[in-house]
Amino acid sequence: MRKLKYQTSIRSEEIVEKVKSKATETVFEVYWIHLEEHTDITTQGYVGITCQGSRTRFYKHLSDARNKNYDYMFHKALRKYQDSEMIVDTICISNEHYAKELEYKLRPRDFIGWNTATGGSGNPGKLIEVTSTPEFAKQRSDYMLNAWQDEEYTKKMLDSRRAYYEETPPWRRDGESVNHFAWGLAGTCYVLKENLNWGKGKICNYLMVNNGSFCRIFDYFLDGWNPLEDEDYQSLYPTSSYEEIIEVYGEPSHYHLSWQRSGSSDVWRVADDLYEAFHNKSYGVKDLANLAGVTWHQAHKIHRRFKNGWNPYKDLRWLTEFKGYVHEY
1 MRKLKYQTSI
11 RSEEIVEKVK
21 SKATETVFEV
31 YWIHLEEHTD
41 ITTQGYVGIT
51 CQGSRTRFYK
61 HLSDARNKNY
71 DYMFHKALRK
81 YQDSEMIVDT
91 ICISNEHYAK
101 ELEYKLRPRD
111 FIGWNTATGG
121 SGNPGKLIEV
131 TSTPEFAKQR
141 SDYMLNAWQD
151 EEYTKKMLDS
161 RRAYYEETPP
171 WRRDGESVNH
181 FAWGLAGTCY
191 VLKENLNWGK
201 GKICNYLMVN
211 NGSFCRIFDY
221 FLDGWNPLED
231 EDYQSLYPTS
241 SYEEIIEVYG
251 EPSHYHLSWQ
261 RSGSSDVWRV
271 ADDLYEAFHN
281 KSYGVKDLAN
291 LAGVTWHQAH
301 KIHRRFKNGW
311 NPYKDLRWLT
321 EFKGYVHEY
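Here it is as structure tokens:
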């Protein structure tokens, strides 16, 4: 740990630890982070509260300032000055309620010292970004309104956007409107379409995805786009072979969800136990029916699936339905 300059020396930490060891509730500190030339706690530096210890909280602030591009005044100050120039004072040790009251008295409104938020808000350390303030919002609104009333600016922006869409394929575009998960599976969809002659609905059912997200991808297929021959697409999303896809998602002939049929979930819910009995003990239909407590007819269907090579441990749809598996492929 870097050496941190504490105006109160190490005694502050020792006092806090003693109080914590005897306290019956969480102990909070009100702390003041400032430069040596700062003399007024009510107008200078940063005031905060923490139950982690002021040293720990300071280094968390420092880490956020260096690793996260937040536009907070306090983080700008931390990036501007060396941590050795900072002084951390523990002002008060108390319960949460009193700590918030004191923080509010020291920071009764936004934008005092390095603080951007009013003290005592109930979320120690959480600040308001400058870009979310009413003043900034009005400035941005006025600027954009004036800009879009300029015909030359409007034409320039529209031409730029049009060129971006013409030159940038959808899997490379930015923004929340682009479903990168769906485009990442475009190659897989194409392989299944070519090998199995399946349509969009059947493929999406097999891959356990919402087919509404794949409409545009299949429109691209209709227009002749082949993701397997698109070098740019393959450089971003290398497509697995048909055999590799089957290894992950299971035998295509088993893609239908038999356990969703009326009255059949009881036997499929214990498919893993039945599979172990079939695979390790060579259980037949009668034995599987007795083990699951179902009819021979119900056991016959799952026994046939086992004989054809179905393994519930490798079926993502079965794992999702009965074992809470979260599909992220």
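Using our numbering, read the sequence shown as starting at 1 and increasing by one per residue.
Virtual Cβ for every residue (Gly too), placed ideally from N, Cα, C.
First through last residue of the alpha helix (DSSP H) which encompasses residue i
| i | result |
| --- | --- |
| Tyr70 | Careful: Tyr70 lies outside any alpha helix (DSSP H) and carries neither H nor E. |
| Thr50 | Thr50 -> not in any alpha helix (DSSP H); beta strand (DSSP E) instead, spanning Tyr46 to Thr50. |
| Ser265 | Ser265 to Arg269 |
| Thr188 | Ala186 to Leu196 |
| Gln82 | From DSSP, Gln82 is part of no alpha helix (DSSP H); its letter is neither H nor E. |
| Val294 | Val294 -> no alpha helix (DSSP H), and no H or E assigned at all. |
| Trp318 | Leu316 to Lys323 |
| Tyr237 | Looking at the DSSP string, Tyr237 is not in any alpha helix (DSSP H), and its letter there is neither H nor E. |
| Ile41 | It is not in any alpha helix (DSSP H) - Ile41 carries neither H nor E in the DSSP assignment. |
| Glu247 | Tyr242 to Tyr249 |
Reference residue i, options the options, closest by Cα
| i | options | result |
| --- | --- | --- |
| Cys215 | Leu145, Ser240 and Cys189 | Cys189 |
| Phe221 | Ala186, Asn146 and Ala147 | Ala186 |
| Pro108 | Leu158, Lys314, His297 and Thr43 | Thr43 |
| Glu167 | Ser21, Phe181 and Asp232 | Asp232 |
| Ile91 | Trp268, Phe306, Ser54 and Ala163 | Ser54 |
| Glu194 | His180, Ser241 and Tyr249 | Ser241 |
| Val248 | Asn290, Ile112 and Met208 | Met208 |
| Tyr81 | Glu36, Ser94 and Thr56 | Glu36 |
| Leu196 | Glu151, Gly120, Val285 and Ile246 | Ile246 |
| Val191 | Thr56, Trp225 and Glu176 | Trp225 |
| Tyr275 | Pro252, Asp315 and Thr295 | Asp315 |
| Asn95 | Asn280, Glu29, Tyr165 and Ala65 | Glu29 |
Under 7 angstroms between C-beta atoms of residue i and residue j
| i | j | result |
| --- | --- | --- |
| Val178 | Leu106 | no |
| Phe218 | Lys200 | yes |
| Ile33 | Val88 | yes |
| Ile49 | Ala99 | yes |
| Pro312 | Ala277 | no |
| Ala182 | Ser213 | yes |
| Cys51 | Thr26 | yes |
| Trp114 | Gly45 | yes |
| Val19 | Ile93 | yes |
| Leu291 | His303 | no |
| His300 | Val285 | yes |
Exposure label - residue i; buried when at least 16 CB within 10 Å
| i | result |
| --- | --- |
| Thr320 | exposed |
| Tyr283 | buried |
| Met86 | buried |
| Tyr143 | exposed |
| Tyr72 | buried |
| Arg317 | buried |
| Tyr153 | exposed |
| Ser21 | exposed |
| Phe58 | buried |
| Asn123 | For Asn123, the pLDDT reaches just 49, beneath the cut-off of 50, and the residue's location in the model is therefore unreliable, although a value from the coordinates is still provided. With fewer than 16 other Cβ atoms within 10 Å, it is exposed. |
| Glu103 | buried |
| Leu236 | exposed |
| Lys323 | exposed |
| His97 | exposed |
| Pro238 | exposed |
heavy atom of the ligand NAP below 6 angstroms from residue i C-beta
| i | result |
| --- | --- |
| Arg317 | This structure simply doesn't include the ligand NAP, nor any ligand for that matter. |
Start-to-end residues for the beta strand (DSSP E) that takes in residue i
| i | result |
| --- | --- |
| Tyr31 | Phe28 to His34 |
| Ile87 | Ile87 to Ser94 |
What residue ranges within the region 102 to 184 form continuous alpha helix (DSSP H) runs of no fewer than 4 residues, ordered along the chain? 134 to 148, 151 to 167 and 180 to 184
Write down every uninterrupted run of the alpha helix (DSSP H) in the region 201 to 234 whose length is 4 residues or greater and which is fully enclosed by it, in chain order. 215 to 222
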